[in-house]
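As structure tokens, the structure follows; a few thoughts come after it.
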Amino acid sequence: MKTTKTIFQDGNHKWVAIVRDPNKPGYIVDTNEYLVTHGGRGLLLDPGGAEIFPAVFSALSAEFDPSALSGIFASHQDPDICSSLALWLEFNPQMRCYVSWLWSSFIPHFGGTAETFVAIPDEGIDISLEGLSLQAVPAHFLHSSGNFHLYDKIAKILFSGDVGAALLPPSEDTLFVEDFDKHIRHAEGFHRRWMGSNEAKRRWCERVAKMEIDMLCPQHGAIYRGADVQRFINWFDELQVGIVAA
Amino acid sequence: MTDALNVVKANTARAGADLLRIVRINEEIKRVVAVSFKINIMALNAIFLAKRAGTAALGFGVLSNELRVFSQDLRSCMESLTGLIHGCVDEVSIVLKDIRFTRLLSQTNELTTSGLVLPVLEHREAQNAEHERRLASLRNQLKRALEDAFRMVELGGVLAKSAKIEAAYGQGFAPALAQVSGEFDGIVEEIRGSLESLRRSAFFSGH
Chain A
1 MKTTKTIFQD GNHKWVAIVR DPNKPGYIVD TNEYLVTHGG RGLLLDPGGA
51 EIFPAVFSAL SAEFDPSALS GIFASHQDPD ICSSLALWLE FNPQMRCYVS
101 WLWSSFIPHF GGTAETFVAI PDEGIDISLE GLSLQAVPAH FLHSSGNFHL
151 YDKIAKILFS GDVGAALLPP SEDTLFVEDF DKHIRHAEGF HRRWMGSNEA
201 KRRWCERVAK MEIDMLCPQH GAIYRGADVQ RFINWFDELQ VGIVAA
Chain B
247 MTDALNVVKA NTARAGADLL RIVRINEEIK RVVAVSFKIN IMALNAIFLA
297 KRAGTAALGF GVLSNELRVF SQDLRSCMES LTGLIHGCVD EVSIVLKDIR
347 FTRLLSQTNE LTTSGLVLPV LEHREAQNAE HERRLASLRN QLKRALEDAF
397 RMVELGGVLA KSAKIEAAYG QGFAPALAQV SGEFDGIVEE IRGSLESLRR
447 SAFFSGH
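Those sequence lines, one after another, are chains A and B.
Read in order, the letters of the first sequence are residues 1 to 246 in the working numbering.
Read in order, the letters of the second sequence are residues 247 to 453 in the working numbering.
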């Protein structure tokens with residue numbers, strides 16, 4: 001089973017990271033899911049693949065009533081992001097799924113009906129969670145051609161999808177980045193290969209550098225906090241991406 | 247592994263095998279359709295041959311015409327079988343999806359102490375039972391349609407054998423008529439063989 005860690009709390013406004021399942025088969029990539037709660041309702045960010053649904057659901061339900069989930073935010077269309085969608089909808093068919101307009105007719109292959117999907121336009125939207133405004137931030141081509149991150153300006157947390165992701169060895173899979181230089185080695189290959197556009201990367205770095213961010217939460221690997229957030233943005237800005245040797 | 251997971255594994259294997267059997271049935275149906283088209287052309291040629299033979303082949307001409315009608319009826323019968331096969335593919339695919347979801351929900355239920363999953367799992371199992379019922383109904387419809395096709399082929403066999411007898415009265419055309427009627431008989435037997443193998447398919451017997 002996965003574990004839950006509350007990474008931010010202010011009254012009923014909470015960010016919970018659902019991470020690290022020791023029983024997960026090694027052939028399935030490890031993912032982080034995040035739950036944002038406010039006013040008794042919840043938004044689940046990148047709920048994960050169908051095969052890890054039991055681990056995510058059981059961890060989440062230990063912390064929060066799953067029937068109070070009002071929606072799912074899918075940063076993009078990959079199977080490790082939201083192939084569990086149909087299973088979440090079994091619990092609450094009214095749940096909405098926020099996703100780039102580009103993928104709103106592709107993701108229904110995982111489940112859902114026409115009413116399920118809220119198509120996010122390229123420029124992004126504000127998503128309301130019981131009065132809390134969450135901002136869908138454009139991150140197109142990082143790595144998906146229709147890609148969004150989610151910013152909570154109150155908690156000062158940016159959920160950054162695959163940006164900032166690191167494929168960590170089991171001995172170094174801490175929740176937070178503890179040693180940036182050591183950690184970033186596990187992120188470099190991933191970013192060089194997965195991120196396809198230097199131009200898109202530059203724009204994203206310029207955009208997020210202007211935001212107040214205490215924590216940058218990727219979908220794989222450890223969370224960047226404090227000074228490591230800006231350190232990561234600078235590192236990413238310098239990195240040449242979209243390169244493959246073959 | 248728990249008993250529930252063993253059941254899921256067995257169900258998955260059974261549904262997977264069903265899908266494979268359906269594919270084989272469909273291939274056999276396609277073969278019958280192709281052959282029945284051949285009978286249609288052959289019957290048309292036989293009608294012309296009977297016309298040339300004149301009064302000596304009047305009976306042969308009537309039988310050739312009946313064989314032509316038989317080939318057309320057989321094709322429409324096979325079309326309805328194809329429709330049922332597509333229905334079965336749909337249902338088996340749904341059953342396979344059900345099995346996966348049930349496995350994942352069962353695992354979730356085992357990991358969750360709140361009892362929250364149980365009603366969803368029960369709802370899912372009720373849906374699974376409905377899909378299984380629909381598949382069983384389609385399986386029966388397919389079996390009945392196959393029996394209808396078989397009866398039709400019995401009639402085709404009688405027509406082909408009667409054509410063989412009529413060919414003997416064809417005087418100067420007798421050798422040509424005998425050859426055509428022999429070919430009819432061979433093709434009807436080929437169709438009968440295909441339908442026999444479909445009847446024996448484990449999709450109907452379940453093993």
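The C-beta atom is built at its ideal place from N, Cα and C for all residues, glycine as well.
Distance check for residue j and residue i, CA to CA, integer angstroms please.
{"i": "ALA292(B)", "j": "ASN374(B)", "result": "53 Å"}
{"i": "SER160(A)", "j": "VAL137(A)", "result": "9 Å"}
{"i": "LYS210(A)", "j": "LEU216(A)", "result": "14 Å"}
{"i": "GLU199(A)", "j": "ILE154(A)", "result": "29 Å"}
{"i": "ILE233(A)", "j": "ASP126(A)", "result": "23 Å"}
{"i": "ASP344(B)", "j": "SER326(B)", "result": "27 Å"}
{"i": "LEU423(B)", "j": "ALA413(B)", "result": "5 Å"}
{"i": "THR354(B)", "j": "PHE449(B)", "result": "32 Å"}
{"i": "SER339(B)", "j": "GLU172(A)", "result": "42 Å"}
{"i": "PHE53(A)", "j": "ARG321(B)", "result": "47 Å"}
{"i": "ALA289(B)", "j": "PHE419(B)", "result": "16 Å"}
DSSP state of residue i, grouped into three classes?
{"i": "VAL163(A)", "result": "coil"}
{"i": "PRO22(A)", "result": "coil"}
{"i": "MET398(B)", "result": "helix"}
{"i": "THR113(A)", "result": "coil"}
{"i": "GLU33(A)", "result": "strand"}
{"i": "LEU441(B)", "result": "helix"}
{"i": "HIS38(A)", "result": "strand"}
{"i": "GLN373(B)", "result": "helix"}
{"i": "HIS183(A)", "result": "helix"}
{"i": "THR358(B)", "result": "coil"}
{"i": "ILE253(A)", "result": "Residue 253(A) is absent from the model: chain A starts at 1 and stops at 246."}
{"i": "LEU142(A)", "result": "coil"}
{"i": "GLN135(A)", "result": "strand"}
{"i": "GLN425(B)", "result": "helix"}
Would residue i pass as an interface residue toward chain B - the criterion being a Cβ-Cβ separation below 7 Å?
{"i": "GLU63(A)", "result": "no"}
{"i": "MET1(A)", "result": "yes"}
{"i": "PRO121(A)", "result": "no"}
{"i": "PHE141(A)", "result": "no"}
{"i": "GLU53(A)", "result": "The identity of residue 53(A) in the sequence shown is Phe, whereas the question assumes Glu. With 7 Å as the cut-off, PHE53(A) counts as an interface residue toward chain B."}
{"i": "ASP80(A)", "result": "no"}
State yes or no: is the C-beta of residue i nearer than 6 Å to some heavy atom of the ligand GTP?
{"i": "ARG438(B)", "result": "For the structure depicted, the ligand GTP is absent and the ligand set is empty, with no information on it obtainable."}
Name the chain B residues whose beta carbon is nearer than 8 Å to that of residue i?
{"i": "PRO66(A)", "result": "LEU362"}
{"i": "SER58(A)", "result": "THR354, LEU357 and THR358"}
Quick one, which of the options has its alpha-carbon nearest residue i's?
{"i": "ARG397(B)", "options": "GLU442(B), ASN355(B) and THR359(B)", "result": "GLU442(B)"}
{"i": "MET192(A)", "options": "GLY164(A), THR174(A), GLU172(A) and ASP179(A)", "result": "Inspection of the sequence shows that residue 192(A) is occupied by Arg rather than by Met. When each option's Cα is compared against that of ARG192(A), the closest is GLY164(A)."}
{"i": "TRP194(A)", "options": "TRP88(A), GLY242(A), HIS140(A) and GLU63(A)", "result": "GLY242(A)"}
{"i": "ILE120(A)", "options": "ARG225(A), SER133(A) and ALA74(A)", "result": "ALA74(A)"}
{"i": "ALA62(A)", "options": "ILE18(A), GLY131(A), GLU130(A) and CYS97(A)", "result": "ILE18(A)"}
Give the interface partners of residue i over in chain A, defined as CB-CB distance under 8 Å, in chain order.
{"i": "VAL366(B)", "result": "GLU90 and PHE91"}
Hey, does residue i have any beta-carbon neighbour from chain A nearer than 7 Å?
{"i": "LEU350(B)", "result": "yes"}
{"i": "MET247(B)", "result": "Only weak support is given to the placement of MET247(B): the predicted model assigns it a pLDDT of 47, under 50, and the question is left unresolved by the model."}
Which residues in chain A have a C-beta closer than 9 Å to the C-beta of residue i? List them in chain order.
{"i": "ARG370(B)", "result": "GLU90"}
Mind listing the chain B neighbours of residue i? Cutoff is C-beta to C-beta under 9 Å, in chain order.
{"i": "ALA50(A)", "result": "ARG346, PHE347 and LEU350"}
{"i": "LEU150(A)", "result": "Correct list: empty, because the minimum Cβ distance to chain B is about 25 Å."}
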